[in-house]
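Working notes for the structure below.
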Amino acid sequence: MRRYLEAVQFDWFWLLWLAVLGLNLAQGARGWVLVLFIFLLVRLSFLPKETMLLACCVLGLLWGRFGQVSQAYQEQASLPLAGVETTLILALDPLAVRETDFQLRGEGHVVNATGQVSPLIGEQIAFNLSKEEQSDAFIQDLRKQAAYWQVEGVLMKPDQAENFFTFDERLYFKGRDIAWELEVSTVSFAQMDTSLSGYLAQGRRRFLSPFIRYETYAWVALHNKLLLNLDSQAYRQFRNGLSDYGVLHLFALSGFHIHFLRQKIRYIFLRCGVTIETTNLVVEVLLACYCFLLRYPVGVIRSLAVKWSLRWIQKENLPLSRMDTTALVGLGLLFLKPAYASQLSFLLSFGLTMVIQLYYQKPKELSEGASAWKESFRFQLLCLLFTWPIFMRVNHEWNVQQFISVSLVTGLFNQLVMPVMLLTSIGLLLLPQGLEPMWAILSDGVTRIWTGLGEWAFFARTNFITGRISDLVLLLLLAAACYALYRLSRREELPYLHLGLVYLFCLGVMPLLDPRTTVTIIDVDQGDAMLVQPAFSREQWLIDTGGRGNWFGEAETSYDANFARYTLIPALKALGVHRLTGVILTHPDIDHIGNLPSLAEEVRIDRIYINDFTAEQAIWQEMLPYLSQTQIVQLPPGYVGLGQGNVIELLILDAPELLMGDDASNNSSIIQRIHIGPYQLLATGDLSQAGENRLQAQYPNLTTDFLKLGHHGSHTSTSEEYLAWLQPHFAYISAGEGNRYGHPHPEVLAKLEAQGIPYACTADYGAIQLQYSPLFGVKMNTAIEPENSN
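Just so you know, we're using my numbering here: the sequence shown kicks off at 1097 and counts up by one.
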C-alpha cells in the first residue's frame, strides 16, 4: 500500500479536478468542462500507469455513486404530483426556515403522508408560506421550535429559470436532492420532534437564540453571518454591496475563520496553564461543535477534515502531501454528495486552497516594509485572477476596484474585524437582555459608515456588466491566472502587461468581433420586453420594458418599482447589457413601460423613443423625473425610419380614428420590423385587428419571416386575414404563465394551427431567443425546455 501511495504521490490534485469535471459532464455540462476534462486526461496519460489506473477507479466509483443519487432523484421527480392538494406532517429544523418580506421559505422532512403522496415519506421537500395571515407569535414559534407541523397546500415542481442564465430554483433544489415544493395554505403545530435529529436541532436553536434575538440590528446581523452562518433580512441589505466590493467571501465561513478561532482558543487555554496535548484536543472538539452549529458548510468541513487527516498521516508517516490530503478530502465529499461538483462553494473552497498551497509550496523570503506589502499585493491579485472569471460566469459582472477594497479590508480583517466580532459573540452570550440601545447605537454607526462608503467616489461601485462570459473567454482568463501562478511560484514578477492585454481582448475586443445578431424576447411575466443586439457592435436596443401595476397601493407610484429588480434587470444583466443605446416604448400600457424608472436607475439609457400618444399620458409624466439624464425622442404619426445599422425599422400608423375609444392606447403602438441577418421579425405591440387591417392597407408589400403576435396573443389581435397576408414561418407570443387574462387565447392558437404556423410562448418556454450567424444561419433557443413543443 505504501509503495502504491508513493507512486501516485502529488497526483491526487489531478484526480480531484478530473472527478469534478467528470461529474459535471455526467450532470449534462459541456463546452469548457469537456475541454478541460480532455486536457486532464491528456495530462494524466504522461503520469505513471498507477495514476491512470487510480483515475479510472475514482471516476467509475463517483459515476456509479452519481447514478445512484440521480436515480433516486428522478424517481421522486417523475411522480405525478404537480398540482395535487395534500396534507403532510413535516419535521422542520427552525434554522432552515428563512423569512423574507412576504414569505416564510424553508425545507422540511416528510414524516407522514397518505394516498398518492405517500412515496414522499422520508424525503426532503421545500415549502413557501405567505406571512400575510400569520401572526408574529406564530412565525416566531415556527422559527424556534424543532417540531412536527401539519401543513396543507399544493405540491409543485420548483420553478425553472425563466430567462437565460438567471437563477434556476429547480437546479438549486436538485443539488439538495429536493424535487418538490409545497405552496402552503394552512399550517398548525402537531407535536415536538422527539427524535435524535430533533433534539440536536432544538439544542442548536437554543444555543443560537441570543444571537437570533437581536438579528434585526445591522451590527448583530453582520456578526451572525460572519461567525455563525445565520442569514437575516437585516444582513441582506448589505449583501449586494459586499459582493460589489469583493469581500462577500469573507462572510462565507471557511478555513480562514477556523484558523482564526483555532489560534485564539488555543492561546486562551495555553495562557490558562492547560497542557499542549489537552489544549489541542479541546480545541478540535470545540471546533467540531462549532461546525455542527453552522450546519456543516463545505469550507469549514474542508478545513477541519484536512487538519485532522494531516495529523493522522503524519502519525502513520504516509507518503501524502498537504495537497494530496486536500484532494482526498474533496474526493470523499464528492462521494458523499456528488452535487458538490457543480456548487460554487465547493469549487472556490478547494480551488483557492490549492492555489494557496501551490503558491506557498516553495519557501518565500519576505523582507520588511515594501517587499512584504508587495508580496501581499501579488497574492491578493493572484486569488482574484482565479475568482474573477468564475464570478463573471455566475454573477455576470466584474468590478475592477474589488482589488483595492479586498486589499484594504483583508488587512484589517484579521487584526480588527474578527476580534471585535468575537467580543460581540461573548457579549451576546454573557450580557443580560435589555441591551437593545447598545446594539441600536452600534448598528446605526455601521449603517452610517456603509452609506458614507457608497457615496464616497473612491468606493463608488464601478461594476462592469459582462453578461455570462463564453466558454472561450472563461478558458482564456483561467489560463491567464494559471500562467500568473506559474510565474509567481518560480519567484518571477507578475506579467502585468500580458494580463492586462488578455482582459482587454476578452472583455473589450471579443464582443466587437461577435458575428451574431441576437433578438431575445425576455420573460417579464404578463408583459413585453424584447432585446436586440446587433452583430459586430456594442449597441443594445430594448423594445418595451414590461412592468406591473401597484395593485396594493402601498407606494406613491402607479407601477410596482420592485418588479423590474427580479424580472427585467437580472435578465438584461445576464445578457451583458451595461448600457442601452435606445429604449423604444411602443405604447403607454403599464405592462410595456412600468419597469422603465427602475431600469433607468440601474442601466444608462442613451435615448428613449416614444410616440405622441404616450407623451400625453399621465403615467409618462409620472416617469419623467427619473429620466433626466436621458434624451427623449418623440416620433410623430406616420413616422417611418430609425433603421439604426439596418437592424430596426419603426413604423407609426397615421390613423387618428384608431386613437379613440377603449383601444386607443393599443392602437397607438409603434410597429417594429427587426432584421436578423437576411430574416425579418415583425412585432406590433398591442395593435388591434383594426390596426392590423390599417397596416395591411398602408403597407401592402410588407413581409416578414417571423411574427410576434400582438397583444400577448389576445383575440383582439391576429385575424385570419392578417396571418394569411404575412404568412410567417414562425410565431412568438409574450405572455405570463397562468395570467388572469387567459393569454394567449385558444381561438388565436387555433388560427395558427389552422394555417400551419408553429409557435412558441414565453408562458411555456420562458425567454425565447432568435440568433443569426453567417456560419450557422438562424436558430432558436429557449430558457425552458418544455414537455410539449408546437
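Beta carbons: idealized from backbone N, C-alpha and C, even for Gly.
Predicted, not measured: the structure shown is a model, and the values here were computed from it.
Local Cβ density within 10 Å of Val1247, reported as buried at 16 or more and exposed below that: By the neighbour-count rule (16 or more Cβ atoms within 10 Å), Val1247 is buried.
Are the CB atoms of Tyr1705 and Ile1680 within a distance shorter than 9 Å? Yes. Within cutoff.
Assign Gly1643 to one of three DSSP states: helix, strand, or coil. DSSP places Gly1643 in coil when its eight states are reduced to three.
Compute the distance between the beta-carbons of Ala1314 and Ala1286, then report whether it is under 9 Å. The criterion of a C-beta distance shorter than 9 Å is not satisfied by Ala1314 and Ala1286.
Please check the pair Tyr1855 and Tyr1828, which I expect to be a contact at CB under 8 Å, by giving their CB distance rounded to whole angstroms. That pair is a contact at about 7 Å.
How do the region 1635-1646 and the region 1658-1678 stand: do at least 3 beta-carbon pairs fall below 8 Å, yes or no? Yes: at least three Cβ pairs fall under 8 Å.
In three-state terms, what does DSSP make of Trp1113? Trp1113: helix per DSSP, three-state reduction.
Burial state of Thr1682, where buried means 16 or more other Cβ atoms lie within 10 Å: For Thr1682, the number of other beta carbons within 10 angstroms of its own is at least 16, and it is reported as buried.
Can you list, in chain order, the residues of its chain with a C-beta nearer than 6 Å to that of Leu1326? Leave out the 5 residues immediately preceding and following it. Residues Asn1320 of the same chain have their beta carbon placed closer than 6 Å to that of Leu1326, with the five preceding and five following residues left out of the count.
Starting from Gln1629, follow the beta strand (DSSP E) in both directions and report where the run begins and ends. For Gln1629, the enclosing beta strand (DSSP E) covers residues Met1626 to Gln1629.
Starting from Arg1272, trace the beta strand (DSSP E) both ways and give me its first and last residue. Secondary structure note for Arg1272: it is in no beta strand (DSSP E), with a DSSP letter that is neither H nor E.
Any idea if Thr1282 is buried or exposed, counting beta-carbon neighbours within 10 angstroms, 16 or more meaning buried? Exposed, by the Cβ-count rule.
Might you give, ordered along the chain, the residues of its own chain that have their beta carbon closer than 8 Å to the beta carbon of Thr1878, omitting 5 neighbours on each side? Counting only Cβ-Cβ distances below 8 Å, and skipping sequence neighbours, we find Ala1856, Tyr1861, Gly1862, Ala1863, Ile1864 and Gln1865.
What does Trp1546 pair with, by DSSP beta-bridge criteria? In DSSP, Trp1546 forms no bridge with anything.
Buried/exposed call for Phe1872, threshold 16 Cβ in 10 Å: Taking every protein chain shown into account, the CB of Phe1872 has fewer than 16 other CB atoms within 10 angstroms, so this residue is exposed.
N- and C-terminal bounds of the beta strand (DSSP E) containing Cys1857: Here the beta strand (DSSP E) through Cys1857 covers Tyr1855 to Cys1857.
Ignore the nearest five residues each way along the sequence and tell me which others in Pro1215's own chain have a CB closer than 7 Å to its CB. Excluding sequence neighbours, Pro1215 sits near Leu1175.
C-alpha gap between Gly1299 and Glu1843, whole angstroms: A straight-line Cα-Cα distance of about 60 Å links Gly1299 and Glu1843.
Can you tell which of Tyr1582, Pro1434 and Ala1625 has the C-alpha that lies nearest to the C-alpha of Phe1475? Tyr1582 is the residue among Tyr1582, Pro1434 and Ala1625 whose C-alpha sits nearest the C-alpha of Phe1475.
Is it buried or exposed for Gly1649, if we count other Cβ within 10 angstroms and need 16 for buried? Bear in mind that the predicted position of Gly1649 carries a pLDDT of just 48, short of 50, making it too unreliable to give a figure here.
What residue range is occupied by the uninterrupted alpha helix (DSSP H) comprising Lys1669? Residue range Leu1664 to Ala1670 is occupied by the alpha helix (DSSP H) that includes Lys1669.
Of the residues Glu1229, Ile1134, Thr1562 and Leu1595, which one's Cα is nearest the Cα of Leu1603? The shortest C-alpha separation from Leu1603 is found at Thr1562.
Shortest alpha-carbon distance to Gly1395 belongs to which of Gln1359, Trp1408 and Leu1346? From the listed residues Gln1359, Trp1408 and Leu1346, the smallest Cα separation to Gly1395 is found for Leu1346.
Where do the ends of the beta strand (DSSP E) carrying Gly1523 lie? Counting along the chain, Gly1523 falls outside any beta strand (DSSP E), though it belongs to the alpha helix (DSSP H) covering Met1514 to Leu1526.
Buried/exposed call for Asn1763, threshold 16 Cβ in 10 Å: It counts as buried.
Can you grab the Cα-Cα spacing for the pair Ser1694 / Tyr1795, in whole Å? Near 36 Å, if we compare the C-alpha coordinates of Tyr1795 and Ser1694.
If you compare alpha carbons, which of Ala1178, Trp1404, Ala1575 and Pro1721 is closest to Thr1483? Proximity to Thr1483 across Ala1178, Trp1404, Ala1575 and Pro1721 peaks at Ala1575, based on C-alpha coordinates.
Nearest-angstrom Cα distance between Phe1446 and Glu1380? About 21 Å.
Taking the alpha helix (DSSP H) that Gly1806 belongs to, which residues open and close that run? Under the DSSP assignment, Gly1806 falls outside any alpha helix (DSSP H); it carries neither an H nor an E label.
Tell me, please, which residues DSSP counts as bridged to His1205. As a beta-bridge residue in DSSP terms, His1205 pairs with Ala1187 and Gln1220.
Can you give the Cα-Cα distance for Asp1687 and Leu1318, rounded to whole angstroms? Roughly 38 Å between the two C-alpha positions.
Going by the beta-carbon positions, is the gap between Leu1668 and Val1628 smaller than 9 Å? Taking a C-beta distance under 9 Å as the contact criterion, Leu1668 and Val1628 do not qualify as a contact pair.
With distances taken from CA atoms, which of Ile1770, Gln1164 and Gln1727 is nearest Ala1779? Of the candidates Ile1770, Gln1164 and Gln1727, Ile1770 places its Cα closest to the Cα of Ala1779.
Nearest-angstrom Cα distance between Cys1974 and His1492? Any question about residue 1974 goes unanswered here, given that the chain covers just 1097 to 1886.
Less than 8 Å between C-beta atoms, sequence neighbours within five positions excluded: which residues of the same chain meet that for Ser1463? Caution is warranted here: a pLDDT of 42 is assigned to Ser1463, below 50, making its placement in the model unreliable, and the coordinate value is therefore given only provisionally. Here the set comprises nothing.
Report back the beta-carbon spacing between Leu1143 and Ala1115 to the nearest angstrom; my notes put them in contact at under 8 Å. Actually they are not in contact, since the Cβ atoms of Leu1143 and Ala1115 sit about 15 Å apart, beyond 8 Å.
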